[in-house]
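Novice:
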Amino acid sequence: MNVKIVGTGSAVPKLRVTNDDLSRLMDTSDEWIKTRTGIENRHLAVEETTTGMAVEAAEKALRQAGITAEELGLIVAGTATPDRFLPNLSCEVQSALGAKNAVAFDLSAACSGFLFSLNTADVYLKSGFCKYALVIGAETLSKIMDWSDRSTCVLFGDGAGAAVLCAKEADAAAQPEGILGTVLGSDGARGMVLRCDNRPVNNPYVKNDTALSYVSMNGQEVYKFAVKTVPRVIEEAVKKAGLAVDEIDLFVLHQANYRIIEAVAKRLHQPMEKFPTNLQEYGNISAASVPILLDNVNNHGMIKKGSKIVLAGFGAGLTWGAAVLRW
Ligand code: ACO
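In my numbering, the protein residues as written are 3 to 329.
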C-alpha cells in the first residue's frame, strides 16, 4: 500500500510582529534575535484560534486533494495548545468541516506533533482502516508564553498546517511512492529542559497557591539535543526508505532556529539550498512548523512528482521524528 500526501494547506494569524515591535515591549533587539535564531517576524493570534486556523488549513488541503470532508476516515491533530481540554481539537475540526465519517483524535508530542500524527495516520492507512486521512499541526503558542521572559517569548509564533493523505494499492511494477520510511523517538528522562506545567489543581481537598504555568526552556540543552539527534534520525529514516542522504532533494525541518538547521545540514554534508526555511517570517510554531513549511514549498513549485523529501521534527518530551517521502 502506498500512502501519499495529496493536498497541503496552511493558515497564520493576520497580526505580524517584527523583532523591532518586540524591542518596544521588552529588553531585546532585532540584532540579538536575528543573529541567535534567524527569526525576523512572527504572526500572533488576536482573534484567531487554534481550531479556526486548523480548519482553514484543512479546507485548503482538502481543496488541493480534490476530495470532500465526508470522504475522510481519520483526522489526527498534533497540538500542545488546543483551544479547550475537551472536546479535542480534531473533533472541533471534524465538526467545522462536516467530516462526519471520520474518527478524530489529538496527539501531544510538541514540536514533533505533526511527525507523530503523520506516522499514526500512515500506519492506520496502511492497515486498511480508511482511504483518506487528514493530518494537522496547529498551535496558538502565544497563549502559553511567559511574555516577561525574553529568552523564550521572542522565539515562537502561531499558525496551522494540514495535509491530506491517500492510501492506494501499490503498483508492483512501479517504484514505491508516498511515505517510504519513518523513525520516531522519545526521551522522557530529559523532558524538563522544555516544559509548561498544567493548570494548578484546585479541588476542595487541595490547597494550592501555585500560579498558572508558562513555557520555560533551557535553550542550550535543547540546542545540543537538536543538533545531535536530528541528523542521526534523518540518516536512520533515509536508510529505512532504501535511499542515500545525497539522493534527498529537500529537507523540511522543524523551524526552531536557523543555526540548528545549518548545523544539521553540515553534519549531513548537504547544501543549505536543500533546506528551505520560513522561520524568518513565522518563528517557531511547534507542531505547525513542518506542515506550514511543506505547504509553502509545495505552493512555490519546489516539489515535483518523484521528489524525495525528508520531514523532521524535534522538541519537548523530548521527542523527535523523521519521515521520508517520494512525492
Ligand atoms: N534579547 C536580548 N538578550 C537576550 C534575549 C533576548 N530576547 N534572551 C536572552 N538574552 C540574553 C541572556 O539574558 C544572556 O545574557 P547574559 O549573558 O547577560 O546573562 C545572553 O542573552 C545569552 O543568553 P543565552 O541563553 O546563553 O543565549 P544563547 O546564545 O544560548 O541563545 C537560544 C539562546 C537562541 C534560545 C539558543 O539557546 C537556542 O537556539 N536554543 C535552541 C532552543 C530552541 O531553538 N528552542 C526552541 C523551542 S524547542 C524546539 O522547538 C525544538
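Ideal Cβ positions, reconstructed from N, Cα and C, are used throughout, including at glycine.
These numbers were taken from a predicted model, which means no experiment stands behind them.
Which two residues bound the contiguous beta strand (DSSP E) that contains residue 134?
Specialist: Counting along the chain, the beta strand (DSSP E) containing residue 134 begins and ends at 134-142.
Novice: Give the C-beta separation of residue 35 and residue 282 to the nearest angstrom, bearing in mind that I take them to be a contact with Cβ-Cβ under 8 Å.
Specialist: Rounded, the Cβ-Cβ distance is 11 Å, inconsistent with contact.
Novice: Going by the C-beta, is residue 333 closer than 7 Å to any heavy atom of ligand 1?
Specialist: Residue 333 lies beyond the residue range present for the chain, which begins at 3 and ends at 329; the question has no answer from this structure.
Novice: Should residue 58 be flagged as near chain C, meaning a C-beta pair shorter than 8 Å?
Specialist: No chain C is part of this structure, which consists of one protein chain only.
Novice: Start and end of the alpha helix (DSSP H) containing residue 298?
Specialist: Residue 298 -> alpha helix (DSSP H) spans 291-301.
Novice: Within its chain, find whatever has a CB closer than 7 Å to the CB of residue 308; leave out the 5 residues flanking it on each side and keep chain order.
Specialist: Excluding positions up to five away in sequence, the list reads 328, 329.
Novice: Excluding the 5 residues preceding and the 5 following residue 48 in the sequence, name in chain order all residues of the same chain whose CB lies nearer than 8 Å to its CB.
Specialist: The residues are 15, 16, 17.
Novice: Are there 16 or more other CB atoms within 10 angstroms of the CB of residue 271, so buried, or fewer, so exposed?
Specialist: That one is exposed.
Novice: Please look up how many angstroms separate the CB atoms of residue 147 and residue 216, rounded, as I've assumed it's under 8 Å.
Specialist: 6 Å between Cβ atoms; contact.
Novice: Any chance the CB of residue 254 is under 7 Å from a heavy atom of ligand 1?
Specialist: No, ligand 1 has no heavy atom inside 7 Å of this Cβ.
Novice: Just to confirm before moving on: does the CB-CB distance between residue 104 and residue 75 stay below 8 Å?
Specialist: Yes, they are a contact pair.
Novice: Who sits around ligand 1, taking every residue whose Cβ is closer than 7 Å to one of its heavy atoms?
Specialist: Those residues, listed in chain order, are 29, 30, 31, 34, 35, 38, 39, 113, 152, 153, 156, 157, 196, 219, 221, 222, 224, 225, 228, 256, 258, 259, 261, 262, 286, 288, 316, 317, 318.
Novice: Residue 149 to residue 28, Cα distance in whole Å?
Specialist: Those two C-alpha atoms are separated by around 9 Å.
Novice: Rounded to whole angstroms, what is the Cα-Cα separation between residue 175 and residue 153?
Specialist: If you take the alpha carbons of residue 175 and residue 153, they lie about 53 Å apart.
Novice: How many whole angstroms separate the CB atoms of residue 323 and residue 185, which I take to be in contact at a CB cut-off of 8 Å?
Specialist: The Cβ separation is near 7 Å, so the contact holds.
Novice: List the DSSP bridge partners of residue 328.
Specialist: Paired residue(s): 180, 310.
Novice: Cutting at 6 Å between CB atoms, please list the residues of its own chain near residue 43, excluding the five before and the five after it.
Specialist: Closer than 6 Å at Cβ, skipping near neighbours: 18, 20, 283.
Novice: Grab the span of the beta strand (DSSP E) containing residue 18 for me, first residue to last.
Specialist: Per DSSP, residue 18 belongs to the beta strand (DSSP E) from 17-20.
Novice: Do residue 141 and residue 289 have their beta-carbon atoms positioned less than 8 Å apart in this structure?
Specialist: In this structure, residue 141 lies closer than 8 Å to residue 289 by Cβ.
Novice: Rounded to whole angstroms, what's the CA-CA distance from residue 276 to residue 221? Just pull it up for me.
Specialist: Approximately 26 Å, taken between the alpha carbons.
Novice: Among 32, 55, 325, 138, which residue has its Cα nearest to the Cα of residue 313?
Specialist: Taking only the C-alpha atoms, the option nearest residue 313 is 325.
Novice: Tell me which same chain residues have a C-beta within less than 8 Å of the C-beta of residue 301, skipping the five on either side of it?
Specialist: Taken in chain order, the residues that qualify are 10.
Novice: Leaving aside the five residues before and after residue 251 along the sequence, list all residues of the same chain whose C-beta is less than 6 Å from its C-beta, in chain order.
Specialist: Here the set comprises 309, 310.
Novice: Put residue 209 into one of helix, strand or coil per three-state DSSP.
Specialist: In this structure, residue 209 counts as coil in the three-state DSSP scheme.
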